[in-house]
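Presented below is the structure to which this report refers.
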Amino acid sequence: MLRHLPRLRRTTAVMATACALALSATTPATADDTDPDQPLPGYTVDNPPLPPLTVGGRPTRVLQGMHQHAAYTIEIPPNWNGQLAMWAHGLRGGTVLTVETPPSGLREAWINQGYAWAASSYTKNGYDAGDGVTSTRALARHAARLLPHRPGRTYLSGGSMGGHVLGRSLEEYPGSYAAGLSLCGQLSDNRLFDFFLDVNLAAQALSGVDAYPAPANYASTALPQIQSKLGLTTQDPANEAGRQFRQVITHLSGGTRPGADAAASLYANFLLALAPTGPSVAQNVTTRYTPTTPIDINPIVERVAPASVEERTSLALNAVPRILGKPGVPVLSLNDIGDLVVPLSTGQIYARAVARHGQSDLLVQRAIRATGHCDFTPAEVTTAWNDLRRWVEAPGHRRPAGDDLLNARIVASPTFGCRFTDPAVTRAFYEACPAG
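Note that the UniProt record's numbering numbers the sequence shown so that position 35 is 35, with each residue one more than the last.
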(Lines of atoms letter the chains of each structure in order from A and count residues from 1; the text may use other names and numbers.)
(Lines give C-alpha, C1' and ligand atoms only; values in the text may rest on other atoms or scores of the structure.)
Protein backbone atom coordinates (compact mmCIF):
# COMPACT_ATOMS: atom_id res chain seq x y z
CA MET A 1 0.00 0.00 0.00
CA LEU A 2 1.33 3.45 -0.86
CA ARG A 3 2.19 5.62 2.11
CA HIS A 4 0.68 8.72 0.50
CA LEU A 5 -2.65 7.42 -0.80
CA PRO A 6 -4.61 9.20 2.00
CA ARG A 7 -2.85 12.42 1.03
CA LEU A 8 -3.75 11.76 -2.60
CA ARG A 9 -7.43 11.46 -1.71
CA ARG A 10 -7.33 14.66 0.34
CA THR A 11 -5.58 16.43 -2.52
CA THR A 12 -8.26 15.51 -5.07
CA ALA A 13 -10.88 18.01 -3.96
CA VAL A 14 -8.32 20.79 -3.56
CA MET A 15 -6.81 20.14 -6.99
CA ALA A 16 -10.26 20.04 -8.58
CA THR A 17 -10.99 23.45 -7.11
CA ALA A 18 -7.64 24.72 -8.34
CA CYS A 19 -8.32 23.50 -11.88
CA ALA A 20 -11.79 24.97 -11.95
CA LEU A 21 -11.17 28.28 -10.25
CA ALA A 22 -7.57 29.25 -9.57
CA LEU A 23 -6.48 28.77 -13.16
CA SER A 24 -7.94 32.12 -14.12
CA ALA A 25 -4.49 33.34 -12.98
CA THR A 26 -5.79 36.50 -11.42
CA THR A 27 -3.27 38.91 -9.96
CA PRO A 28 -2.81 38.56 -6.19
CA ALA A 29 -4.44 41.23 -4.07
CA THR A 30 -2.41 44.35 -3.56
CA ALA A 31 -1.81 46.14 -0.29
CA ASP A 32 -4.95 47.03 1.64
CA ASP A 33 -5.97 48.89 4.76
CA THR A 34 -6.22 45.84 7.04
CA ASP A 35 -3.80 45.21 9.88
CA PRO A 36 -0.74 43.45 8.39
CA ASP A 37 -0.37 41.47 11.61
CA GLN A 38 -3.77 39.89 11.00
CA PRO A 39 -4.88 37.52 8.23
CA LEU A 40 -6.77 38.85 5.25
CA PRO A 41 -10.57 39.04 5.61
CA GLY A 42 -12.13 35.59 5.43
CA TYR A 43 -9.05 33.78 6.74
CA THR A 44 -8.08 32.49 10.17
CA VAL A 45 -4.74 31.14 11.39
CA ASP A 46 -3.75 27.84 12.99
CA ASN A 47 -0.07 27.98 13.96
CA PRO A 48 0.34 26.13 17.26
CA PRO A 49 3.59 26.43 19.22
CA LEU A 50 6.38 24.37 17.69
CA PRO A 51 8.44 22.53 20.33
CA PRO A 52 12.11 23.45 19.87
CA LEU A 53 14.74 20.91 18.94
CA THR A 54 17.81 20.32 21.07
CA VAL A 55 21.32 20.66 19.69
CA GLY A 56 24.28 19.82 21.89
CA GLY A 57 22.09 19.94 24.97
CA ARG A 58 20.74 23.41 24.13
CA PRO A 59 17.28 24.19 22.70
CA THR A 60 16.65 26.07 19.50
CA ARG A 61 14.87 29.41 19.55
CA VAL A 62 11.46 29.30 17.87
CA LEU A 63 9.77 32.52 16.74
CA GLN A 64 6.16 32.52 15.51
CA GLY A 65 3.82 35.29 14.51
CA MET A 66 2.17 37.19 11.68
CA HIS A 67 3.81 39.35 9.03
CA GLN A 68 2.05 41.03 6.13
CA HIS A 69 -1.09 38.89 6.57
CA ALA A 70 0.82 35.59 6.64
CA ALA A 71 1.65 33.37 9.61
CA TYR A 72 5.24 32.27 10.02
CA THR A 73 7.65 30.11 11.99
CA ILE A 74 11.37 30.79 12.33
CA GLU A 75 13.75 28.44 14.14
CA ILE A 76 17.29 29.43 15.11
CA PRO A 77 19.81 26.85 16.32
CA PRO A 78 22.07 27.71 19.27
CA ASN A 79 25.11 27.31 17.01
CA TRP A 80 23.70 29.39 14.14
CA ASN A 81 26.08 29.44 11.17
CA GLY A 82 24.83 32.76 9.84
CA GLN A 83 22.78 31.23 7.00
CA LEU A 84 19.03 30.89 6.43
CA ALA A 85 16.93 28.24 4.67
CA MET A 86 13.40 29.11 3.53
CA TRP A 87 10.68 26.48 3.07
CA ALA A 88 7.79 27.01 0.59
CA HIS A 89 4.79 24.72 1.14
CA GLY A 90 2.45 23.19 -1.43
CA LEU A 91 -1.24 23.59 -2.23
CA ARG A 92 -3.66 24.18 0.64
CA GLY A 93 -7.45 24.40 0.61
CA GLY A 94 -9.97 26.08 2.87
CA THR A 95 -9.69 29.36 4.75
CA VAL A 96 -7.32 28.40 7.57
CA LEU A 97 -3.70 29.50 7.12
CA THR A 98 -1.14 27.01 8.40
CA VAL A 99 2.65 26.90 8.52
CA GLU A 100 4.38 23.72 7.42
CA THR A 101 7.46 22.45 9.21
CA PRO A 102 10.10 21.43 6.63
CA PRO A 103 9.45 17.72 5.93
CA SER A 104 11.45 14.56 5.30
CA GLY A 105 14.25 15.31 7.73
CA LEU A 106 15.02 18.79 6.35
CA ARG A 107 14.25 20.59 9.60
CA GLU A 108 16.55 18.32 11.58
CA ALA A 109 19.32 18.51 8.97
CA TRP A 110 19.20 22.29 8.85
CA ILE A 111 19.18 22.72 12.60
CA ASN A 112 21.92 20.17 13.28
CA GLN A 113 24.12 21.81 10.65
CA GLY A 114 23.59 25.27 12.13
CA TYR A 115 21.13 26.74 9.60
CA ALA A 116 18.17 28.81 10.74
CA TRP A 117 14.96 28.16 8.80
CA ALA A 118 11.75 30.04 8.15
CA ALA A 119 8.40 29.10 6.59
CA SER A 120 5.36 31.18 5.65
CA SER A 121 1.69 30.21 5.44
CA TYR A 122 1.31 32.68 2.54
CA THR A 123 -1.56 35.14 2.75
CA LYS A 124 -4.03 32.91 0.87
CA ASN A 125 -4.79 29.26 0.20
CA GLY A 126 -5.65 27.71 -3.15
CA TYR A 127 -3.37 27.64 -6.16
CA ASP A 128 -1.68 31.03 -6.00
CA ALA A 129 2.04 30.57 -6.51
CA GLY A 130 2.46 34.31 -7.03
CA ASP A 131 1.26 34.92 -3.49
CA GLY A 132 3.71 32.26 -2.31
CA VAL A 133 6.55 34.08 -4.05
CA THR A 134 5.83 37.43 -2.42
CA SER A 135 4.95 35.98 1.01
CA THR A 136 8.15 33.92 1.13
CA ARG A 137 10.29 36.88 0.11
CA ALA A 138 8.58 39.13 2.67
CA LEU A 139 9.31 36.56 5.39
CA ALA A 140 12.95 36.22 4.31
CA ARG A 141 13.36 39.97 4.78
CA HIS A 142 11.52 39.85 8.11
CA ALA A 143 13.65 36.94 9.32
CA ALA A 144 16.79 38.91 8.46
CA ARG A 145 15.66 41.55 10.93
CA LEU A 146 14.85 39.02 13.67
CA LEU A 147 18.04 36.98 13.38
CA PRO A 148 21.16 38.05 15.28
CA HIS A 149 22.44 39.55 12.03
CA ARG A 150 21.57 39.54 8.34
CA PRO A 151 22.13 36.07 6.84
CA GLY A 152 25.21 35.70 4.71
CA ARG A 153 23.38 33.28 2.44
CA THR A 154 19.70 32.35 1.99
CA TYR A 155 18.57 29.07 0.44
CA LEU A 156 15.08 28.36 -0.88
CA SER A 157 13.39 24.95 -0.78
CA GLY A 158 9.87 24.01 -1.77
CA GLY A 159 7.58 21.08 -2.43
CA SER A 160 4.76 20.56 -4.95
CA MET A 161 3.25 24.03 -5.58
CA GLY A 162 6.14 25.26 -3.43
CA GLY A 163 8.36 24.23 -6.35
CA HIS A 164 6.44 26.71 -8.50
CA VAL A 165 7.10 29.30 -5.80
CA LEU A 166 10.78 28.35 -5.88
CA GLY A 167 11.14 28.43 -9.66
CA ARG A 168 9.57 31.86 -10.04
CA SER A 169 11.24 33.27 -6.88
CA LEU A 170 14.71 32.65 -8.30
CA GLU A 171 13.74 34.65 -11.39
CA GLU A 172 11.66 37.30 -9.62
CA TYR A 173 14.35 38.16 -7.07
CA PRO A 174 17.70 37.43 -8.74
CA GLY A 175 20.57 37.47 -6.29
CA SER A 176 18.32 37.02 -3.25
CA TYR A 177 18.63 33.24 -2.98
CA ALA A 178 21.87 31.28 -3.14
CA ALA A 179 20.32 28.05 -4.47
CA GLY A 180 17.10 26.06 -4.67
CA LEU A 181 16.07 22.58 -3.52
CA SER A 182 12.88 21.39 -5.25
CA LEU A 183 11.01 18.36 -3.88
CA CYS A 184 8.31 17.08 -6.28
CA GLY A 185 8.29 20.69 -7.45
CA GLN A 186 5.79 22.05 -9.98
CA LEU A 187 8.34 23.77 -12.22
CA SER A 188 6.26 23.81 -15.43
CA ASP A 189 3.89 26.72 -14.59
CA ASN A 190 0.60 26.48 -16.54
CA ARG A 191 1.66 23.33 -18.37
CA LEU A 192 0.82 21.20 -15.34
CA PHE A 193 -2.78 22.22 -15.92
CA ASP A 194 -2.39 21.42 -19.61
CA PHE A 195 -1.58 17.88 -18.44
CA PHE A 196 -4.80 17.63 -16.40
CA LEU A 197 -6.81 18.97 -19.34
CA ASP A 198 -5.01 16.63 -21.76
CA VAL A 199 -5.82 13.57 -19.68
CA ASN A 200 -9.49 14.44 -19.29
CA LEU A 201 -10.09 15.27 -22.95
CA ALA A 202 -8.26 12.08 -23.96
CA ALA A 203 -10.52 10.04 -21.68
CA GLN A 204 -13.59 11.66 -23.17
CA ALA A 205 -12.40 11.01 -26.73
CA LEU A 206 -11.56 7.37 -26.03
CA SER A 207 -14.82 6.73 -24.16
CA GLY A 208 -17.08 8.69 -26.50
CA VAL A 209 -18.46 10.71 -23.57
CA ASP A 210 -18.49 14.48 -24.14
CA ALA A 211 -18.09 16.22 -20.79
CA TYR A 212 -16.26 19.47 -21.49
CA PRO A 213 -16.86 21.72 -19.76
CA ALA A 214 -17.73 19.39 -16.89
CA PRO A 215 -21.36 19.91 -15.84
CA ALA A 216 -22.44 20.35 -12.25
CA ASN A 217 -23.50 16.71 -12.09
CA TYR A 218 -20.29 15.44 -13.69
CA ALA A 219 -19.37 13.20 -10.74
CA SER A 220 -22.72 11.41 -10.78
CA THR A 221 -23.34 11.20 -14.53
CA ALA A 222 -20.48 11.66 -17.03
CA LEU A 223 -17.67 10.39 -14.78
CA PRO A 224 -19.22 6.94 -14.13
CA GLN A 225 -19.89 6.60 -17.87
CA ILE A 226 -16.26 7.42 -18.72
CA GLN A 227 -14.98 5.03 -16.07
CA SER A 228 -17.25 2.24 -17.31
CA LYS A 229 -16.37 2.76 -20.99
CA LEU A 230 -12.64 2.64 -20.14
CA GLY A 231 -12.93 -0.29 -17.75
CA LEU A 232 -11.82 1.78 -14.76
CA THR A 233 -14.51 0.67 -12.33
CA THR A 234 -13.63 -1.75 -9.57
CA GLN A 235 -15.82 -4.41 -11.23
CA ASP A 236 -14.33 -4.21 -14.73
CA PRO A 237 -10.79 -4.89 -15.87
CA ALA A 238 -9.35 -2.21 -18.13
CA ASN A 239 -10.52 -2.85 -21.69
CA GLU A 240 -8.76 -2.02 -24.96
CA ALA A 241 -9.72 1.66 -24.78
CA GLY A 242 -8.71 1.72 -21.12
CA ARG A 243 -5.31 0.27 -21.90
CA GLN A 244 -4.79 2.92 -24.57
CA PHE A 245 -5.85 5.56 -22.03
CA ARG A 246 -3.17 4.36 -19.60
CA GLN A 247 -0.58 4.52 -22.38
CA VAL A 248 -1.69 8.07 -23.22
CA ILE A 249 -1.23 9.04 -19.56
CA THR A 250 2.26 7.52 -19.59
CA HIS A 251 3.20 9.45 -22.74
CA LEU A 252 1.84 12.74 -21.39
CA SER A 253 3.43 12.32 -17.95
CA GLY A 254 7.03 11.72 -18.99
CA GLY A 255 7.24 8.71 -21.29
CA THR A 256 7.86 5.00 -20.87
CA ARG A 257 9.56 4.33 -17.54
CA PRO A 258 9.54 1.84 -14.67
CA GLY A 259 6.20 1.62 -12.85
CA ALA A 260 4.43 3.85 -15.39
CA ASP A 261 1.57 1.48 -16.17
CA ALA A 262 0.85 0.87 -12.50
CA ALA A 263 0.99 4.62 -11.81
CA ALA A 264 -1.45 5.33 -14.64
CA SER A 265 -3.88 2.75 -13.22
CA LEU A 266 -3.51 4.10 -9.70
CA TYR A 267 -4.05 7.74 -10.64
CA ALA A 268 -6.55 7.41 -13.50
CA ASN A 269 -9.67 8.06 -11.43
CA PHE A 270 -7.95 10.81 -9.47
CA LEU A 271 -7.08 12.59 -12.71
CA LEU A 272 -10.61 12.19 -14.05
CA ALA A 273 -11.93 13.85 -10.90
CA LEU A 274 -10.06 16.99 -12.02
CA ALA A 275 -12.22 17.50 -15.08
CA PRO A 276 -12.19 21.24 -15.89
CA THR A 277 -15.50 23.04 -15.54
CA GLY A 278 -14.72 25.86 -17.93
CA PRO A 279 -12.11 28.03 -19.62
CA SER A 280 -8.77 28.49 -17.84
CA VAL A 281 -5.11 29.11 -18.67
CA ALA A 282 -4.87 25.48 -19.82
CA GLN A 283 -4.91 24.34 -23.46
CA ASN A 284 -4.48 21.21 -25.57
CA VAL A 285 -4.33 22.83 -29.01
CA THR A 286 -0.68 21.84 -29.45
CA THR A 287 -0.89 18.38 -27.83
CA ARG A 288 -0.21 15.35 -29.99
CA TYR A 289 -1.52 12.26 -28.26
CA THR A 290 0.29 8.91 -28.37
CA PRO A 291 -0.43 6.06 -29.02
CA THR A 292 -2.92 6.43 -31.85
CA THR A 293 -4.06 2.80 -31.91
CA PRO A 294 -6.49 1.17 -31.67
CA ILE A 295 -8.25 4.58 -31.73
CA ASP A 296 -6.75 7.41 -33.75
CA ILE A 297 -7.32 9.97 -31.02
CA ASN A 298 -5.83 13.15 -32.48
CA PRO A 299 -8.54 13.80 -35.11
CA ILE A 300 -11.40 13.24 -32.66
CA VAL A 301 -10.20 14.76 -29.38
CA GLU A 302 -11.81 18.08 -28.49
CA ARG A 303 -9.37 20.98 -28.77
CA VAL A 304 -9.48 23.72 -26.15
CA ALA A 305 -7.62 27.02 -26.38
CA PRO A 306 -6.64 29.03 -23.29
CA ALA A 307 -9.28 31.46 -22.13
CA SER A 308 -6.76 34.28 -22.49
CA VAL A 309 -3.52 33.99 -24.44
CA GLU A 310 -2.41 37.25 -22.85
CA GLU A 311 -2.96 35.86 -19.35
CA ARG A 312 -1.22 32.60 -20.19
CA THR A 313 1.85 34.29 -21.64
CA SER A 314 1.97 37.21 -19.20
CA LEU A 315 5.11 37.70 -17.16
CA ALA A 316 3.07 39.18 -14.30
CA LEU A 317 3.29 37.63 -10.85
CA ASN A 318 -0.18 36.12 -11.03
CA ALA A 319 -1.65 32.94 -9.55
CA VAL A 320 0.06 30.69 -12.11
CA PRO A 321 3.16 32.76 -12.90
CA ARG A 322 5.48 31.94 -15.76
CA ILE A 323 8.80 30.23 -15.11
CA LEU A 324 11.19 31.05 -17.92
CA GLY A 325 13.98 28.64 -16.98
CA LYS A 326 16.55 31.19 -15.87
CA PRO A 327 17.36 30.21 -12.26
CA GLY A 328 20.71 32.02 -12.17
CA VAL A 329 21.81 29.88 -9.19
CA PRO A 330 22.20 26.12 -8.57
CA VAL A 331 18.96 24.11 -8.41
CA LEU A 332 18.71 20.47 -7.34
CA SER A 333 15.35 18.74 -7.77
CA LEU A 334 13.90 15.37 -6.78
CA ASN A 335 11.11 13.85 -8.87
CA ASP A 336 9.05 10.74 -8.02
CA ILE A 337 8.84 8.96 -11.37
CA GLY A 338 5.35 7.57 -10.70
CA ASP A 339 3.84 10.74 -9.23
CA LEU A 340 0.99 11.97 -11.43
CA VAL A 341 -0.03 14.93 -9.28
CA VAL A 342 3.20 16.65 -10.36
CA PRO A 343 4.40 14.23 -13.05
CA LEU A 344 7.91 13.66 -14.32
CA SER A 345 7.02 15.65 -17.45
CA THR A 346 7.04 18.86 -15.39
CA GLY A 347 10.72 18.27 -14.62
CA GLN A 348 11.37 17.59 -18.29
CA ILE A 349 9.66 20.84 -19.25
CA TYR A 350 11.83 22.74 -16.78
CA ALA A 351 15.01 21.04 -18.01
CA ARG A 352 14.23 22.07 -21.60
CA ALA A 353 13.50 25.64 -20.54
CA VAL A 354 16.73 25.88 -18.57
CA ALA A 355 18.65 24.44 -21.55
CA ARG A 356 17.12 27.03 -23.89
CA HIS A 357 18.59 29.74 -21.68
CA GLY A 358 22.02 28.10 -21.54
CA GLN A 359 21.85 27.36 -17.80
CA SER A 360 21.82 23.56 -17.75
CA ASP A 361 25.04 23.63 -15.73
CA LEU A 362 22.96 25.07 -12.87
CA LEU A 363 20.36 22.28 -12.81
CA VAL A 364 20.68 18.80 -11.32
CA GLN A 365 17.63 16.51 -11.42
CA ARG A 366 17.26 13.20 -9.63
CA ALA A 367 14.68 10.49 -10.23
CA ILE A 368 13.24 8.59 -7.26
CA ARG A 369 11.48 5.25 -7.75
CA ALA A 370 8.25 6.12 -5.97
CA THR A 371 4.62 6.59 -7.01
CA GLY A 372 3.22 8.66 -4.15
CA HIS A 373 3.11 12.44 -4.40
CA CYS A 374 6.18 13.86 -2.66
CA ASP A 375 7.11 10.42 -1.36
CA PHE A 376 10.73 10.86 -0.25
CA THR A 377 12.68 9.38 2.61
CA PRO A 378 14.82 11.55 4.89
CA ALA A 379 17.90 9.88 3.39
CA GLU A 380 16.92 10.89 -0.14
CA VAL A 381 16.17 14.47 0.85
CA THR A 382 19.13 15.07 3.15
CA THR A 383 21.51 13.58 0.60
CA ALA A 384 20.17 16.02 -1.97
CA TRP A 385 20.43 18.91 0.47
CA ASN A 386 24.00 18.05 1.46
CA ASP A 387 25.04 17.78 -2.17
CA LEU A 388 23.43 21.16 -2.91
CA ARG A 389 25.07 22.99 -0.03
CA ARG A 390 28.48 21.53 -0.88
CA TRP A 391 27.94 22.61 -4.48
CA VAL A 392 27.34 26.16 -3.27
CA GLU A 393 29.68 26.42 -0.29
CA ALA A 394 32.66 24.10 -0.84
CA PRO A 395 35.37 25.88 -2.83
CA GLY A 396 35.91 24.13 -6.13
CA HIS A 397 33.19 21.54 -5.46
CA ARG A 398 31.91 20.04 -8.68
CA ARG A 399 28.32 20.00 -9.84
CA PRO A 400 26.62 16.99 -8.20
CA ALA A 401 25.54 13.97 -10.20
CA GLY A 402 22.00 13.67 -11.46
CA ASP A 403 19.73 11.84 -13.90
CA ASP A 404 19.11 12.85 -17.52
CA LEU A 405 15.34 13.23 -17.67
CA LEU A 406 15.47 14.21 -21.33
CA ASN A 407 17.08 10.99 -22.56
CA ALA A 408 14.18 8.68 -23.44
CA ARG A 409 16.43 5.62 -23.48
CA ILE A 410 17.67 6.31 -19.96
CA VAL A 411 14.17 7.08 -18.69
CA ALA A 412 12.84 3.83 -20.14
CA SER A 413 15.62 1.73 -18.60
CA PRO A 414 14.41 -0.80 -15.98
CA THR A 415 16.93 0.70 -13.54
CA PHE A 416 15.92 4.34 -14.07
CA GLY A 417 15.91 6.06 -10.69
CA CYS A 418 18.05 3.46 -8.93
CA ARG A 419 21.03 5.74 -8.46
CA PHE A 420 19.38 8.12 -6.00
CA THR A 421 16.55 6.03 -4.54
CA ASP A 422 17.02 5.03 -0.91
CA PRO A 423 17.95 1.31 -1.01
CA ALA A 424 16.67 0.83 2.53
CA VAL A 425 12.98 1.18 1.52
CA THR A 426 10.74 -1.03 -0.59
CA ARG A 427 8.09 0.76 -2.62
CA ALA A 428 5.21 -0.80 -4.50
CA PHE A 429 5.42 -1.24 -8.28
CA TYR A 430 9.24 -1.22 -8.51
CA GLU A 431 11.69 -4.06 -8.89
CA ALA A 432 14.63 -4.11 -6.54
CA CYS A 433 17.61 -2.21 -7.90
CA PRO A 434 20.87 -4.04 -8.60
CA ALA A 435 23.18 -4.15 -5.60
CA GLY A 436 25.91 -1.57 -5.64
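Glycine included, each C-beta is placed from N, C-alpha and C at the ideal position.
Range of the contiguous alpha helix (DSSP H) that encloses residue i
| i | result |
| --- | --- |
| Gln348 | 344-356 |
| Gln225 | 222-229 |
| Gly259 | Premise fails: Gly259 is in no alpha helix (DSSP H) and is neither H nor E. |
| Ile300 | Where Ile300 is concerned, there is no enclosing alpha helix (DSSP H), given that its DSSP letter is neither H nor E. |
| Ser207 | 191-207 |
| Asp131 | 129-146 |
Top-ranked residue by Cα proximity to residue i, from the options
| i | options | result |
| --- | --- | --- |
| Leu187 | Pro321, Ala394, Leu146 | Pro321 |
| Leu156 | Leu147, Gly175, Arg145, His149 | Gly175 |
| Leu363 | Cys374, Tyr350, Arg369 | Tyr350 |
| His142 | Gly94, Gly65, Pro78 | Gly65 |
| Pro39 | Gly56, Ala70, Asn47, Leu53 | Ala70 |
| Ala305 | Leu197, His357, Pro434 | Leu197 |
| Glu380 | Phe195, Asp336, Pro343 | Asp336 |
| Ser104 | Ser182, Asp128, Lys124 | Ser182 |
| Gln348 | Ala394, Leu405, Asp296, Gly158 | Leu405 |
| Ile368 | Asp361, Pro414, Ala144, Glu393 | Pro414 |
| Gly185 | Ala435, Leu340, Arg398 | Leu340 |
| Phe270 | Arg246, Thr292, Pro291, Gly278 | Arg246 |
| Ala205 | Tyr173, Ala428, Val55, Thr293 | Thr293 |
| Phe195 | Gln227, Arg288, Ser253, Thr154 | Ser253 |
| Thr355 | Pro343, Gly328, Leu344, Val342 | Per the sequence shown, the amino acid found at residue 355 is Ala instead of Thr. Closest option to Ala355, Cα to Cα, is Gly328. |
| Thr73 | Pro224, Asp46, Arg243, Gly56 | Asp46 |
| Ile295 | Glu302, Pro36, Glu240 | Glu240 |
| Gln227 | Pro213, Pro215, Gly242 | Gly242 |
| Pro276 | Ala262, Asn79, Asn112, Glu302 | Glu302 |
| Asn298 | Gln244, Tyr115, Thr44, Pro52 | Gln244 |
| Leu147 | Arg288, Asn81, Ala273 | Asn81 |
Inter-residue Cα distance where the pair is residue i and residue j
| i | j | result |
| --- | --- | --- |
| residue 437 | Glu75 | Residue 437 is absent from the structure shown; the chain starts at 1 and stops at 436. |
| Thr426 | Gly338 | 14 Å |
| Ala203 | Pro49 | 46 Å |
| Ala31 | Val309 | Because the pLDDT at Ala31 is just 44, under 50, the model does not fix this residue reliably, and the point stays unresolved. |
| residue 450 | Ala282 | Given a span of 1 to 436 for the chain in the structure shown, any question on residue 450 remains unanswerable. |
| Ala401 | Ala211 | 45 Å |
| His373 | Ala264 | 13 Å |
| Ala144 | Leu166 | 19 Å |
| Val92 | Asp375 | Residue 92 is actually Arg in this sequence, not Val. Going from the Cα of Arg92 to the Cα of Asp375 covers about 18 Å. |
| Ser160 | Thr377 | 16 Å |
| residue 438 | Ala85 | Absent from the structure is residue 438, since the part of the chain shown begins at 1 and ends at 436. |
| Tyr173 | Ile410 | 35 Å |
| Pro224 | Leu232 | 9 Å |
| Asn407 | His164 | 24 Å |
| Pro434 | Cys418 | 8 Å |
| Pro291 | Pro77 | 54 Å |
| Gln359 | Gly396 | 19 Å |
| Leu192 | Thr123 | 23 Å |
| Ala268 | Leu230 | 10 Å |
| Leu388 | Ala118 | 18 Å |
| Arg137 | Val342 | 24 Å |
| Pro215 | His251 | 28 Å |
| Arg288 | Ala262 | 23 Å |
| Thr221 | Ile249 | 23 Å |
| Tyr430 | Pro237 | 22 Å |
| Val62 | Pro52 | 6 Å |
Buried/exposed call for residue i, threshold 16 Cβ in 10 Å
| i | result |
| --- | --- |
| Ala432 | exposed |
| His89 | buried |
| Pro423 | exposed |
| Ile300 | exposed |
| residue 437 | Residue 437 is absent from the structure shown; the chain starts at 1 and stops at 436. |
| Thr421 | buried |
| Val285 | exposed |
| Leu170 | buried |
| Asp128 | buried |
| Ser345 | buried |
| Thr313 | exposed |
| Leu315 | exposed |
| residue 451 | With the chain represented from 1 up to 436, any question about residue 451 goes unanswered, as that position is not in the structure. |
| Glu311 | buried |
| residue 444 | The structure shown does not extend to residue 444, since the chain is modelled only from 1 through 436, so no value can be given for it. |
| Phe416 | buried |
The beta strand (DSSP E) enclosing residue i, as first and last residue numbers
| i | result |
| --- | --- |
| Arg153 | 153-159 |
| Asn335 | 331-336 |
| Val62 | 61-67 |
| Glu108 | Not the beta strand (DSSP E): Glu108 falls in the alpha helix (DSSP H), residues 106-112. |
| Arg366 | 363-368 |
| Glu75 | 70-76 |
| Leu183 | 179-183 |
| Gln83 | 83-88 |
Supposed close pair residue i, residue j - CB separation, criterion 8 Å
| i | j | result |
| --- | --- | --- |
| Gly208 | Thr371 | At roughly 29 Å, the Cβ-Cβ gap does not stay under 8 Å, so Gly208 and Thr371 are not in contact. |
| Ala412 | Gly255 | 7 Å |
| Trp391 | Pro330 | 5 Å |
| Thr95 | Gly42 | 6 Å |
Near the ligand GTP: residue i beta-carbon under 7 Å from a heavy atom
| i | result |
| --- | --- |
| Val55 | In the structure shown, the ligand GTP is absent, as is every other ligand, since no ligand is present at all. |
8 Å Cβ cutoff, residue i in contact with chain C
| i | result |
| --- | --- |
| Ser157 | Although the question refers to chain C, the structure presented lacks it and comprises just one protein chain. |
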